[in-house]
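Going by my numbering, the first residue of the sequence shown is number 310, and it counts up by one from there.
Cβ atoms here follow ideal geometry from the backbone N, Cα and C, with glycine treated the same way.
Since the structure comes first, as structure tokens, the remarks are kept for the end.
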Amino acid sequence: METGEFQGKVAAVTGASGGIGGTTARLLALRGASVALLDLKDTARIADSLSKEFGVQTKAIKMDVTDPQAVQQVFADIVSWKGRLDFCVNAAGIFPIGNRIDGTELGLWTKVMDINLNGVFYCLREEIRTILHLGIEGSIVNLSSDAGTVSSVGCAPYVASKHAVNGLTKSAAIEYAKSGIRVNAVAPGNIDTAMIQNFGISTADLAKVAQPTGRCGRPEEVAELICFILSDRSSFMTGSIVAIDGGITTTGYGSSDSHDAFTS
């Protein structure tokens, strides 16, 4: 794909310090977009590096997705910065491995829901408001998961949050289809990022027990899919939950031996 595909476009990426969020921000910059990197962590070095490497404008903004007032201010700042907002990627999220439901602490449940669901809602709401106010078309991608379709032992808060993100995506898509705003979700399986590495099992071993393909996915593969969905090449897509999981959700993952890889 030509590097100038997104020339003149402005993109916002939450979770921009993470494996998928950061890789997506890089691909957007490569293709010519101005990119706002939003994260609770400092992304100034990443933003500066992308700007120098690809000759695009970038902006690093610290943002807590669980704070609706802060989210509102950040999107106002993006409009003040560039005057428009074309693409949004909501990639901020956490995946703590915990206990079965009877042993799940309320604090863990609340934390996961605050970040993975409420955070997506707060960002999605401001993104839609911003695009509507600007009177332009826009494309939004929420980061879901294979856990938004199937389940696994010890992951109830995460599974519930991602199922809810899928529902939120579909609701937004149908509500704003006639306004020129497309909303879709990408549902990765096991991707070789720090989130997976924190499970305490190597990606090679995880792939052996969980992946029909025999390997985990790469962040670059997910970023390519996200950028395709953001682009005009997918202009007839909205309300879709697109799996990129190496076939894991075709295998009856919820009953597979791969549970032990996470809960043992």
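By the three-class DSSP mapping on this structure, what secondary structure does Val474 have?
DSSP places Val474 in helix when its eight states are reduced to three.
Is the beta carbon of Val421 sitting closer than 9 Å to the one on Ser470?
Their beta carbons are under 9 Å apart, which means Val421 touches Ser470 by this criterion.
On a Cα-Cα basis, can you pick out the residue from Thr375, Ile449, Leu394, Pro466 that is closest to Asp411?
Comparing Cα-Cα distances from Asp411 to each of Thr375, Ile449, Leu394, Pro466, the minimum goes to Pro466.
How many angstroms separate the CA atom of Asp373 from the CA atom of Val429?
The straight-line gap from Cα to Cα measures roughly 11 Å.
Could you spell out the range, first to last residue, of the beta strand (DSSP E) harbouring Phe396?
Segment 396 to 399, the beta strand (DSSP E) holding Phe396.
Please identify the residue among Thr439, Glu446, Phe404, His442 whose C-alpha is closest to the C-alpha of Leu426.
Of Thr439, Glu446, Phe404, His442, the residue nearest in Cα terms is Phe404.
Terminal residues of the continuous beta strand (DSSP E) containing Ile553?
Counting along the chain, the unbroken beta strand (DSSP E) around Ile553 starts and ends at 550 to 553.
Cβ separation of Leu539 and Ser389, assumed to be a contact under 8 Å, to the nearest whole Å:
22 Å between Cβ atoms; not a contact.
Taking the alpha helix (DSSP H) that Lys391 belongs to, which residues open and close that run?
Counting along the chain, the alpha helix (DSSP H) containing Lys391 begins and ends at 377 to 391.
Residues bridged to Gly317 by DSSP?
The secondary-structure analysis by DSSP pairs Gly317 with nothing; it has no beta-bridge partner.
Taking Gly555 as the reference, give the member of Gly548, Gly523, Met546, Ile535 with the closest Cα.
Taking only the C-alpha atoms, the option nearest Gly555 is Gly523.
Cα-Cα separation, Leu347 to Ile387
Taking the straight line joining both Cα atoms gives about 10 Å.
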